Structures are given as structure tokens and as C-alpha cells.
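Read left to right, the sequence shown gives residues 1 to 531 (my numbering). Backbone N, C-alpha and C define an ideal beta-carbon position, used for all residues, glycine too. Computed from a prediction, not measured in an experiment: that's the story for all the values here.
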Amino acid sequence: MQELYQQIISILYGVWRKRHFALIVSWVVCIAGWMYVAQIPNKYQSSAKIHVDAETMLKPLMKGLAVSNNVYDQVRMMRQTLISRPNIEKVIRMTDLDMTVTSEEATEKLVDSLSEDINISIQGAANLFQISYENSNPTVAKKVVQSLLNIFIEDKLATGRKDLSSALRFIEEQIREYEEQMEIAEQRTAEFKQKNMSFLSSQGRSYFDQMQQAQEAVASVKNQINEYRNKQKQMKGYLENIPPYLASGSGTGPSIGGGGPASSSNLAGRISILEQRLDDLYARGYKDQHPDVKIITTQIEDLRGKMEAEQAELAKALEEGDTEKLQSTAGVRPNPVYDQLNMNIIELEGEIASLQARLTQKEEEVKRLASYAQRVPEVEAELARLNRDYGIIKRNYNELLEKRESARISQDLETKSDRVQFRVIEPPQEAREPSSPNRLLYVIGVLFVGLGAGVGVAFLMSQMHSTFSTEQRLRDVLSMPVLGSISAIPSPQELRGRKRKLILFSIMLAGLFVSCISVYAMMNYFHMPTA
Numbered sequence: 001m002q003e004l005y006q007q008i009i010s011i012l013y014g015v016w017r018k019r020h021f022a023l024i025v026s027w028v029v030c031i032a033g034w035m036y037v038a039q040i041p042n043k044y045q046s047s048a049k050i051h052v053d054a055e056t057m058l059k060p061l062m063k064g065l066a067v068s069n070n071v072y073d074q075v076r077m078m079r080q081t082l083i084s085r086p087n088i089e090k091v092i093r094m095t096d097l098d099m100t101v102t103s104e105e106a107t108e109k110l111v112d113s114l115s116e117d118i119n120i121s122i123q124g125a126a127n128l129f130q131i132s133y134e135n136s137n138p139t140v141a142k143k144v145v146q147s148l149l150n151i152f153i154e155d156k157l158a159t160g161r162k163d164l165s166s167a168l169r170f171i172e173e174q175i176r177e178y179e180e181q182m183e184i185a186e187q188r189t190a191e192f193k194q195k196n197m198s199f200l201s202s203q204g205r206s207y208f209d210q211m212q213q214a215q216e217a218v219a220s221v222k223n224q225i226n227e228y229r230n231k232q233k234q235m236k237g238y239l240e241n242i243p244p245y246l247a248s249g250s251g252t253g254p255s256i257g258g259g260g261p262a263s264s265s266n267l268a269g270r271i272s273i274l275e276q277r278l279d280d281l282y283a284r285g286y287k288d289q290h291p292d293v294k295i296i297t298t299q300i301e302d303l304r305g306k307m308e309a310e311q312a313e314l315a316k317a318l319e320e321g322d323t324e325k326l327q328s329t330a331g332v333r334p335n336p337v338y339d340q341l342n343m344n345i346i347e348l349e350g351e352i353a354s355l356q357a358r359l360t361q362k363e364e365e366v367k368r369l370a371s372y373a374q375r376v377p378e379v380e381a382e383l384a385r386l387n388r389d390y391g392i393i394k395r396n397y398n399e400l401l402e403k404r405e406s407a408r409i410s411q412d413l414e415t416k417s418d419r420v421q422f423r424v425i426e427p428p429q430e431a432r433e434p435s436s437p438n439r440l441l442y443v444i445g446v447l448f449v450g451l452g453a454g455v456g457v458a459f460l461m462s463q464m465h466s467t468f469s470t471e472q473r474l475r476d477v478l479s480m481p482v483l484g485s486i487s488a489i490p491s492p493q494e495l496r497g498r499k500r501k502l503i504l505f506s507i508m509l510a511g512l513f514v515s516c517i518s519v520y521a522m523m524n525y526f527h528m529p530t531a
């Protein structure tokens, strides 16, 4: 922020040093500008306001029944045609402006000038129009507006009734043509339906909808079959790891699905008794070499060998599924989990067979529809085209019937009632005061432009012959240390000279503002209209 402040101070100091050049340039620009503004001639505006009244008592009663032959639209169109070349030439003759031109080129310029200067606008409400024109002669301005006003009112919108009659005849011809087209279209559609009855859509569904539905049904059945087959495969995998039979008893040896068989249990009981007897002998102090101990030990080993052989044979029969051997073995029963899985697999096979039959049926349906693939779309497209053409013809026919009735009512309304009334609210008058230019604005604008030009020239000159106004700026530019600064002490003669120059500058600057006011007063005096 401090750097910006120093920069602004430096710029203002440079402009102040060149203030005399700024003042000279301001005077030169202001004098040239005021001379140009003084040469601009006064222009006087004349205008007239017209009220177009189309709100009759019949309008709300005929709303929706009669064609709206919009009067305001016609007036807007007249606003465009009013400044056409034939009307402008007519205005020139009515105002005797043709006497002021002597060549074709001058006539062309006069026509172009009138076309650009005439203004026709809507004032506020839609039924209030203003015609205005500016000219250096107030009398000519009034005559031009009066001539345009006469042309505007004389028209009376007479072309509207003629247009309604022509439109009614055209609508009658179109209705007859559309009646013939509707009969031909109805006959063509009926013959087409009879010829292609087997290919047309049923129950509001098109061929593509039926084909899509059949294909979706085939895909759905296939998905169900795959799902059931996956379940069946998974169940068969479980079945391989489940034994069909279980041992119902219990024992100390290995068993599958429960305890060992009854024979193994007897051998285990005998082994247990012998082991108790062996423990009693050891308790009495018998050694392993004693004959009774050896006999009992031999018997225990023989019984254990028999039990292991029986359990191995039973396990082998369970693994191989040998039903006869298992039935001959006591304590074996069927595995309920194994049986339940077998029942589920059988049920899935039945479901898969049923779905296969349904899949065959759906695939036949898809094949049947596919055989119509080329013909059915052509038939449906042709029928849709016929229905579309008939619908368009019928809609246009109904619209024409409504327009015919509206046109008839509108024609009676135009011929039997006075719909439009013109009233001149404000007739054209000769202007006593100029409407342009705004000399006060121009004079003040020239003053500020001159001051701005002077300041701009002073700024450019200060930049071309720049000095260092502060020590900080000297440090920033040279990037060298500044040891100090020496202040200038002017003499009394220099102080008096500076004071005289400042007074002279102030007088000249104040004279510029006083001259602005004087120039405006003189312009008003010399451009004052004569009585």
C-alpha cells in the first residue's frame, strides 16, 4: 500500500511540474470543441399521438368464435409500410419539400433522410401510437407529421375485410380436397388390414415386443435349468463323501458314523475281562514269565487281532457299499442323510426334465416368430405409415372446419360492425424550443475532455522528462544506497516568482470554467428561435 501511495504522489508531482502545458492544451481543446458545438444547428421536433380503439362490445362475445384479425398487428405492419418509399415521396409532395431539390441525387438523399428521422412508436399501452419527426425548421417538422397522420388514418385497415374473404374461399377449397384424401386413406387402410391380418400385432403388442418376450422366456428357462444342474452337481459331490450305512452300536475300536458292530463289542468285553484278570495277577506279584500271565497275555493279543480284522472288514464293506456283507453284519443301519440327498437329486432330475420340455416349447415359439422377421416389420411399418397419414389428414380436416366457421363469423363481424376507431389525442404543433442538441451537456463535456487532454499531455511529458520526487524512488530505480538529501532554499525573489506563476495559473484555470458558462450563454443567444 505504501508503494502505491508513493507511486501516486510521484505521478501527481510530475503532472504538477508540467501544469502550464496542461493548461495550454486544455484551452486549445476546449476552444476547438466549443466552436464545433456552436456550429451544430438546432432541431425542432413535432409529434402527434393517435389512439386506436378496437375494444367494441362484440369483442368479448365473439372471443373464441371469430378469427382474431388483430388490428394492432395490422397497425404495427402499417408502421413499417408508412415509411416506405412511395409514402415518403407522397409526404415530400404534400409538404412541398420537392421544391427544395433540383436533382435525382438530392431527392434520394431527402428520401433517405426522412426515412431515418421519422419515428413511429407505441406509447405505453398497445393502442397508443406516436408519430414524431425532427427538422431544423419547426414548420417543416409539423407538416411532415401532419402528412404522415393523414396517410395513417386514411388507410382505415380496409385490406382486412378483403383478406378475410380470400381466406374463406381458400379454406373451402382445402376442405374439399381433404375430404377426398380422407376417403382414399380410409379405404387403403382397410384393404391393407384385410390382406395382412396374420402379420399384424395382437393385444396391442408389436412383433418386436413378442420376439423380445419369447427370447426372455427362453433365457429364463435356461437359467433355471443351469441352476438346478448346479444344485444337482453339488449334491452329488456331497453324496460321494457320505457313507450309505452307519454302525448303530458302540465300541472302543474305529467306527464309521458311530460305534463299532456288536461282535466287536463282545471281543472288546472279553479283552476287558482278561485285562482285569491280568491286573489282579500283577497285583499278587506275578511276573511276565509266570505261566498264567503268559496265557492271559496270549489270549488278549489273539482277541485284539480278531477285533481289528472284523473292524477292517466292516470299514471296507462300508466304503465299497457291499449291501449283502453289511446286512449280514450286526449293528449296521442306512444313513438318513445319504437317503435324503438321493431323494433331492431324483426330484431335481424331474424338475430338469420338465424345464427341458418347456425350453423346447419356447424355442419353437422363437423359431416361429423368427420366420416372420422379414415380413412382420414391413407390415407394421406400412400400417403405421398409413395410420400416421390418415391421422394427419383428419387433424388438418378438423382444423379447417373450425377455421371456416371462425372465418364466417369474422367476416360478418367485419362487415356489420365498426371495429376500429381512430382518435387523434395530440395533433402536431410547431415546436418553440429546440429538442436537440443539448448544448449544456456538450459544452460541459468539451470542458472535461479538454481538462483530461491537458492532464494526459502533462503526464506524458513528465514521463519523458522524469525526475525523482522522493528518496525512496531514487533507491528503487538505482538500487544504490542513498546517503542523504539536500533541500533547496529559494530566495525571496524566487518565492515571489513562484507565487505570481501560481496566481496566473489559477486565473487561467478559473477563466476556463468562466468561459464555459459564457460560451453556453452566447450559444443560447445566437441560436434562439426568431418569432
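Asked	Found
Contact under 7 angstroms by Cβ, VAL145 with SER46	yes
DSSP bridge partner residues for GLU426 (one or two, in chain order)	LYS49
6 angstroms Cβ shell around ILE11 - same chain, five flanking residues per side excluded	none
Supposed close pair LEU23, MET508 - CB separation, criterion 8 angstroms	5 angstroms
For ILE118, the three-state DSSP class (helix, strand or coil)	coil
Local conformation of SER506 per DSSP, three classes	helix
The segment 421-430 touching the segment 129-147, judged by at least three CB pairs closer than 8 angstroms	yes
Cβ-based neighbour list, ILE352, same chain, cut-off 8 angstroms, excluding 5 preceding and 5 following	ILE225, TYR228, ARG229 and GLN232
Given 8 angstroms, three or more beta-carbon pairs between the segment 370-387 and the segment 168-176	no
ILE131 - partner residues in DSSP beta bridges	ALA48 and ILE120
Cβ neighbours of ASN342 in the same chain (closer than 8 angstroms, five flanking residues each side left out)	LEU239
C-alpha distance - ALA283 paired with LEU267, whole-angstrom precision	24 angstroms
Integer Cβ distance of VAL366 from ALA214, believed to fall under 8 angstroms	5 angstroms
Same chain, Cβ closer than 6 angstroms to GLN123, neighbours up to 5 away in sequence not counted	GLN130
TRP34 burial status per 10 Å Cβ neighbour count (16 or more: buried)	buried
Of the residues TRP27, GLU180 and PHE21, the one placed nearest LEU447, counting alpha carbons only	TRP27
Cβ neighbour criterion (16 or more within 10 Å) applied to LEU4	exposed
Coil, strand or helix - LYS367 by DSSP	helix
Beta-carbon separation (whole angstroms), VAL29 vs ALA510, contact threshold 8 angstroms	With 8 angstroms as the limit, VAL29 and ALA510 do not qualify as a contact, their Cβ atoms being about 17 angstroms apart.
Contact check, LEU460 vs TYR520, beta carbons under 7 angstroms	no
Residue environment, LYS499, which counts as buried when at least 16 other CB atoms sit within 10 Å	exposed
For SER436, the residue or residues it bridges with in DSSP	LYS43
DSSP state of GLN289 mapped onto helix, strand, coil	coil
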